[in-house]
DNA sequence: TAGAAAACCGAGCGCTTGCTCGTTTTTCCG
DNA sequence: CGGAAAAACGAGCAAGCGCTCGGTTTTCTA
């Protein structure tokens with residue numbers, strides 16, 4: 002069971018992808034035009050504090066219930082100071098959503114060639130990478146998952162399209178595996194939609210698994226086994 | 002594949018469980034002490050309008066973003082009129098959460114005896130019943146799933162405990178099936194936690210499946226096949 | 001180290017929110 | 001039909017919201 006896990010474990014995604022400061026440097030670059038603070042290291046550091054606080058507070062009471070006064074207190078900045086980093090509260094939401102979407106896509110499309118050539122290994126790699134990435138960026142993914150609703154259609158679309166893009170990556174691998182006679186799958190895209198929630202459960206219900214002391218790698222192994230028993234041709 | 006679906010399909014849950022008016026009659030009974038409107042049919046009818054509107058508006062913009070003025074307009078009642086049916090906005094949330102929790106538990110514990118005796122049939126029945134129930138009460142379950150967070154710990158506990166109760170029902174059947182030599186399952190409670198998100202996906206991402214024209218029964222069959230291939234001993 | 005530029009500050013503005021309460025309308029029944 | 005009980009009404013209140021802007025502090029450089 003889960004043979005070849007070693008190969009799949011071999012190369013992970015770039016760790017810079019999932020660390021707060023590098024992410025905020027990328028956000029800064031993307032929003033250079035509207036962020037009024039000039040010095041990059043100051044801007045990056047404060048963005049990290051702001052977004053860290055947004056993620057933390059939103060996880061507790063939700064984004065809408067998080068006020069800018071809460072945020073000021075948590076970051077040590079003032080009301081006015083905050084507004085040098087974003088033009089309005091919605092911008093904050095969009096910053097996070099787009100960053101989650103692009104990071105997820107970048108990480109999942111970056112499989113090593115050796116893995117890409119073998120659909121079984123590739124699926125295994127995708128499962129492991131998705132779970133590890135969302136483990137490292139748990140607050141980000143929870144935020145994108147929970148707060149996307151009820152917002153400017155533009156923001157919602159980012160989240161929905163990202164979800165579909167991820168699903169499509171899985172569907173492609175499934176289709177390839179079927180063509181190669183490795184997988185037995187009735188409806189490829191429906192099966193991909195069944196795998197997705199197995200991956201999402203890890204970050205959406207993270208506290209449940211923490212309480213049960215379920216390890217990430219144990220969860221990865223469980224999902225992998227569960228999926229492979231279901232679709233692998235032996 | 003999915004043989005014996007006929008038996009499992011034989012008896013469904015009581016349809017009164019999932020219809021708006023009967024549910025609101027139950028809510029009325031539970032909150033008789035605090036609801037100031039005396040006549041039962043008036044109270045039930047208006048409760049149905051109020052809660053229907055809450056579910057509808059919350060699905061669009063979230064519970065917190067739904068104002069009592071929105072609610073007044075949607076129901077045709079006045080601000081003051083609304084307050085004859087609940088003491089504050091949180092009560093509305095608690096009403097819905099508790100009703101979802103008790104209904105889910107009642108429906109899932111109500112398997113026919115013939116089904117209960119066979120762990121494979123029982124698991125099949127649980128999957129089908131869960132998906133059908135959440136299909137019929139989709140707005141309710143989405144509400145409980147999305148809005149539970151960031152609220153008086155009491156309300157959150159209702160949701161979390163309900164989730165665990167459901168999971169336990171599945172775990173029990175899995176354990177029985179393992180004991181009877183019908184299922185091969187490494188970790189019973191971990192497997193139960195993997196089945197749960199497969200069921201939840203149906204109502205959480207309902208619009209995605211609607212867009213793809215995936216039928217409920219097709220989804221039930223897909224989940225059943227997926228799970229059984231994974232754990233059934235052939 | 002002086003002075004300009006960059007960063008930060010926070011009281012205050014207009015507006016919305018949950019909720020109340022004195023009043024009006026509707027319902028019911030002798 | 002009349003009058004009391006039940007139900008519904010909606011303007012108004014205090015509190016809290018996102019956001020601004022004139023002023024202060026910090027940082028950099030010449």
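Residue numbers (this note's numbering), protein chains in the order written: chain A, 2 to 235; chain B, 2 to 235.
The beta-carbon is built from N, C-alpha and C at its ideal position, and this holds for glycine as well.
All of these numbers come straight from a predicted model, not from anything done at the bench.
Partner residues on chain B for residue i, Cβ-Cβ distance less than 7 angstroms
| i | result |
| --- | --- |
| residue 230 of chain A | 230, 231 |
| residue 215 of chain A | 191 |
| residue 171 of chain A | In chain order: nothing, as chain B lies at least about 14 angstroms away. |
N-terminal and C-terminal residue of the alpha helix (DSSP H) that residue i is part of
| i | result |
| --- | --- |
| residue 201 of chain A | 189-205 |
| residue 18 of chain A | Run containing residue 18 of chain A: none; DSSP gives neither H nor E here. |
| residue 114 of chain A | 114-117 |
| residue 224 of chain A | 217-232 |
Burial state of residue i, where buried means 16 or more other Cβ atoms lie within 10 Å
| i | result |
| --- | --- |
| residue 100 of chain B | buried |
| residue 197 of chain A | buried |
| residue 194 of chain B | buried |
| residue 78 of chain B | buried |
| residue 149 of chain B | buried |
| residue 138 of chain A | buried |
| residue 216 of chain B | exposed |
| residue 125 of chain B | buried |
| residue 115 of chain A | exposed |
| residue 164 of chain A | buried |
| residue 208 of chain B | exposed |
| residue 151 of chain B | buried |
| residue 130 of chain A | buried |
| residue 155 of chain A | exposed |
| residue 234 of chain A | exposed |
| residue 182 of chain A | exposed |
| residue 81 of chain B | exposed |
| residue 123 of chain A | buried |
| residue 5 of chain A | Low local confidence applies: a pLDDT of 47 at residue 5 of chain A is under 50, so the model's placement there is unreliable, with the coordinate-based value given in what follows. Exposed: under 16 other Cβ atoms inside 10 Å. |
| residue 224 of chain A | buried |
| residue 202 of chain A | buried |
| residue 49 of chain A | buried |
| residue 30 of chain B | exposed |
Cross-chain neighbours of residue i in chain A, by beta carbon under 8 angstroms
| i | result |
| --- | --- |
| residue 65 of chain B | 63, 65, 66 |
| residue 184 of chain B | Within chain A, no residue comes near residue 184 of chain B; the closest Cβ sits about 12 angstroms away, beyond 8 angstroms. |
| residue 87 of chain B | Residues of chain A passing the Cβ test: none, with the nearest at roughly 20 angstroms. |
Per-residue contacts from residue i into chain B (C-beta, under 8 angstroms)
| i | result |
| --- | --- |
| residue 121 of chain A | Near residue 121 of chain A there are no residues of chain B at all, since even the closest Cβ is about 16 angstroms away, more than 8 angstroms. |
| residue 199 of chain A | 195, 198, 199 |
| residue 224 of chain A | 195 |
| residue 202 of chain A | 194, 195, 197, 198 |
| residue 71 of chain A | Result: empty, since nearest Cβ-Cβ is about 12 angstroms, beyond 8 angstroms. |
| residue 15 of chain A | Ordered by position in chain B, no residue passes the 8 angstroms Cβ test against residue 15 of chain A, which lies about 28 angstroms from the chain. |
| residue 111 of chain A | Near residue 111 of chain A there are no residues of chain B at all, since even the closest Cβ is about 26 angstroms away, more than 8 angstroms. |
Option nearest residue i by Cα separation, candidates the options
| i | options | result |
| --- | --- | --- |
| residue 90 of chain A | A:29, A:44, A:51 | A:51 |
| residue 104 of chain B | B:133, B:63, B:76, B:72 | B:133 |
| residue 228 of chain B | B:214, B:171, B:206, B:208 | B:171 |
| residue 40 of chain A | A:85, A:152, A:203 | A:85 |
| residue 23 of chain B | B:38, B:47, B:36, B:202 | B:47 |
| residue 110 of chain A | A:121, A:127, A:234 | A:127 |
| residue 144 of chain B | A:147, A:143, A:142 | A:147 |
| residue 190 of chain B | B:159, B:173, B:235 | B:173 |
| residue 88 of chain A | A:27, A:107, A:38 | A:38 |
| residue 19 of chain B | B:68, B:188, B:185, B:142 | B:142 |
| residue 161 of chain A | A:102, A:76, A:55, A:53 | A:102 |
| residue 97 of chain B | B:42, B:66, B:56 | B:56 |
| residue 25 of chain A | A:15, A:44, A:153, A:71 | A:44 |
Under 9 angstroms from the C-beta of residue i: neighbouring residues of chain B
| i | result |
| --- | --- |
| residue 150 of chain A | 60, 61, 62, 63, 147 |
Contact list for residue i against chain A, beta-carbon separation under 7 angstroms
| i | result |
| --- | --- |
| residue 142 of chain B | The contacting residues do not exist; residue 142 of chain B stays about 14 angstroms from chain A at best. |
| residue 137 of chain B | Simply none; closest approach about 20 angstroms. |
Residue i: CB within 7 angstroms of a non-hydrogen atom of the ligand NAP
| i | result |
| --- | --- |
| residue 22 of chain B | Looking at this structure, you won't find the ligand NAP or any other ligand, since it has none at all. |
Continuous alpha helix (DSSP H) assignments of at least 4 residues falling wholly in the region 50-87 of chain B:
DSSP runs (the alpha helix (DSSP H)) wholly in the region 50-87 of chain B: 69-76, 80-83.
In chain order, which continuous runs of the alpha helix (DSSP H) of length 4 or greater are located wholly inside the region 108-169 of chain B?
The alpha helix (DSSP H) runs lying completely inside the region 108-169 of chain B and spanning 4 residues or more are 114-117, 120-137, 139-148, given in chain order.
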